[in-house]
Amino acid sequence: MNQSSQVINKISSIISTFLSNKGISSPEINFEKPEVATYGDTSTSVALRYAKSLGLAPTLLAEEIVSALRLENINEVQDYKVEKPGFINIYFSNTFNKLVLEDILKGDNAYWDSTALKGQTWVIEHTSPNPNKAMHLGHLRNNLIGMGLSRLLEARGATVVRDAIYNDRGIAIAKLMWGYLAHMRATSEAEPNIQYWTQNKDKWHSPESLSIPADIFVSRCYVMGEADTKSSPETDQLVRGMVLDWENQDANTLELWRAVLAYSYEGINKTLSRLGNKWDNIWYEHEHYKAGKEYVEAGLEKGIFKRLDDGAVLTNLESYKLPDTILLKNDGSSLYITQDIALTDLKKKKWNADRLIWVIGPDQSNAMRQLYAVCEQLGIGKISDFTHIPYGYVGIKGEDGEFKKMSSRDGTSVLIDELVDNVKIKIAEEFASSSKEISLSDTDLETLALAAIKFSILKINRNQDIAFDINSSIAVSGDSGIYILYTISRLNSLIKKAESDNIIPSPSALGNASELVKSLYRYNEVLEFAGTELSLNPIAHYAMEVTTLFNSWYAAESILNGDNKEHKIAVVLATRQILEKSLGILGIQTVESM
RNA sequence: GUCCUUGUAGUUCAAUGGAUAGAACGAGAGCCUUCUAAGCUCUAGAUCUAGGUUCGAUUCCUAGCAGGGACACCA
């Protein structure tokens, strides 16, 4: 426990004791940051909350609480004030600021280690890519949320397992295989059949031979393959036959399947590694797609599900107030939900998971609730162990300013790589016109572009739809990731200069920048809030707040000159620490200078 | 039709049931012989409607209006 939190805990326990003595059993004491600084550094509304049950006017109760607090003489508090209608506003002294800075500069153990979720294992499924399409902005948002949440949960002490599922079998993959076979022939003599292909693979194109990225290569194959099945019933038959051949483990079909998927994974991995993606485990549909049926049969025996006249199996979710859904088709084959039941049990057992999270689009929300209910009925876990994290669509801003869904068919689908590359160009142009002396490496440009993109997505509440304007959506000034990175490079430069001037950082109770320091103190509080909400935008907004406060201070104060240099450079160090930690959770890396 | 979700300055977004609804972009006015002006300071500008609960509602409840999504053998 760090020193600064102990101050709050002490205040809290004094109030708690006071209210208990008055007859309130286990009172809840809340603190919040007032809107305006004149209302103090922190504030509690306990008096408003309990005045009625104690039969006292709120301001009177507040006064009594303040008297009790004054008796204790807490060093770090300068003053308490009661404000109508009954708030108790607390003003910290500079001693408090000194403690905050000491805590932060002491490093990891003292300040950062949260034990809130210690001992818990969370499994978080995110970014399950579609093997036959290049990844677009929807996947980007999924990935940023999934990776961000897993870092946030880790920061709160949980053991986190990140996983994803590849839907690597079925009709869509067969279309992809056909598209490759029929349309990626390098010479006209190549025959579009599997047998021929296995003997003459060099007569087919690869991403390298066409000089295009693997994901684009795969997308093209799929689009052409699908078009063929639509226009020609014979091809459609043939593709369906490929699915059967695959299920019967036909060696040649499996070989083609592996070859095509290898391109697919190559493309996916290239894009995702750019983003800093990490999975601890990948589930492949072909490994478990049959297992779900047994769970459904077991449920039938227990009378949880019922078999319809045509042989299909239906849920009974009346007690959950959910619409029923089919678990097994009338031909006995399985559906998404069938496989997900098995997968959920696998996940839970493999990691002995306490909580399971799915980061998946909002269109799945009904299906997710059905899945969770069925899993509870089958005894796989409690419904409260399962959480769906939906997120709003990423669309395109239309001519009329309206939100339009992206569609690869209309060519309005924006790919992740395309976006990153465009933003890099934009930043480079901005930089070139800015009369700076330093030059930016390509690595720096990539870092900056990713910072701008990640921040602009994560600062938005995840349930909001985003209408993307390709020309202006990624801000490089103002409320942006670039603004924060720019500020960090200012901090870096100050720290370097302080080192060469031999200024030893040392927090002082006489120091200034108190508003900034008090906002640094809120880091843990923000993490806790974000963690309970499973939401990342509070962290983004917090980082912005710290940055803005620093820049205002920086503009008004000469940091490396005058009195108190040691204190001021301690503030600078602590600010950098907090900003880097916050950005770290968002998956944003920084540049040394820009 | 039922269920879920969203509605806040011109625009893009904030706001744990709290106090004077915050930022950014855009608009207007200033600030570089001094630590990085991608910065700082100031000005103008908003809670979809109607009820209710509460000391207090952008937030919770009810009913509307408007957008988006889901609704049984697709993936």
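Its first residue numbered 12, the first sequence is counted upward by one per residue in the numbering used here.
C-beta: ideal position from N, C-alpha, C; glycine also.
These figures come from a predicted structure and were not determined experimentally.
| Query | Result |
| --- | --- |
| Residues near GLU603 by beta carbon distance below 8 Å, same chain, minus five either side | SER500, ASN503 |
| Beta-bridge pairing of ASP90 - partner residues as DSSP gives them | TYR102 |
| SER424 versus LEU571 - alpha carbon distance | 50 Å |
| Local conformation of TYR295 per DSSP, three classes | strand |
| Spatially closest choice to ALA62 from ARG81, ALA79, GLY97, PHE29, by CA coordinates | GLY97 |
| Distance CB(ILE394)-CB(ALA384) smaller than 8 Å | yes |
| Environment of GLN248 [buried if 16+ CB atoms lie within 10 Å] | exposed |
| DSSP-derived helix/strand/coil call for THR423 | coil |
| Beta-carbon proximity check, ALA48 vs GLU526, cutoff 8 Å | yes |
| Sub-8 Å separation of GLN131 and THR170 beta-carbons | yes |
| Expected contact under 8 Å - CB spacing of SER15 and LEU110 to nearest Å | 5 Å |
| LEU521, buried or exposed, once every other Cβ within 10 Å from all chains shown has been counted against 16 | exposed |
| Alpha carbon of LYS313 to alpha carbon of ILE176, nearest angstrom | 29 Å |
| Nearest-angstrom Cα separation, counted from PRO244 out to VAL5 | Because the chain is modelled from 12 through 605, residue 5 falls outside the range shown and cannot be assessed. |
| Residue(s) in a DSSP beta bridge with PHE414 | LYS408 |
| Nearest candidate by alpha-carbon position, reference MET158, set GLY149, ARG173, ALA166, LEU148 | ARG173 |
| Three CB pairs or more closer than 8 Å across the stretch 459 to 476 and the stretch 590 to 598 | yes |
| Reference GLU43, options PHE540, LEU451, TYR233, GLY190, closest by Cα | PHE540 |
| Ranges of the alpha helix (DSSP H) found wholly within the stretch 227 to 272, counting only runs of at least 4 | 244 to 258 |
| Spatial distance of ASP52 from LYS95 (CA atoms) | 17 Å |
| 7 Å CB neighbourhood of ASN562 in its chain, flanking five on each side removed | THR498 |
| Enclosing beta strand (DSSP E) for ARG173 [first to last residue] | 170 to 177 |
| Unbroken alpha helix (DSSP H) run spanning THR209, endpoints | 205 to 210 |
| LEU357 to ILE391 span [Cα, whole Å] | 10 Å |
| TRP133 versus ASP365 - alpha carbon distance | 6 Å |
| From SER230, LEU151, GLU165, residue whose alpha carbon lies closest to that of LYS144 | SER230 |
| Span separating the alpha-carbon of GLN475 from that of TYR402 | 7 Å |
| Sheet register partners of THR132 (DSSP bridge) | THR170 |
| Pair within 8 Å by beta-carbon distance, ILE76 and ILE101 | no |
| Under the three-state DSSP convention, the category PHE316 falls into | coil |
| Where THR126 falls: helix, strand or coil (DSSP) | coil |
| Beta bridge counterpart(s) of SER54 as assigned by DSSP | GLU43, ASN100 |
| Contact under 8 Å by Cβ, VAL528 with VAL582 | yes |
| Simplified DSSP assignment, three categories, for TRP290 | coil |
| Selected residue, minimal CA-CA separation from ARG167, among HIS150, ASN153, LEU148, ASP124 | ASP124 |
| LEU367 - containing beta strand (DSSP E), residue span | 366 to 370 |
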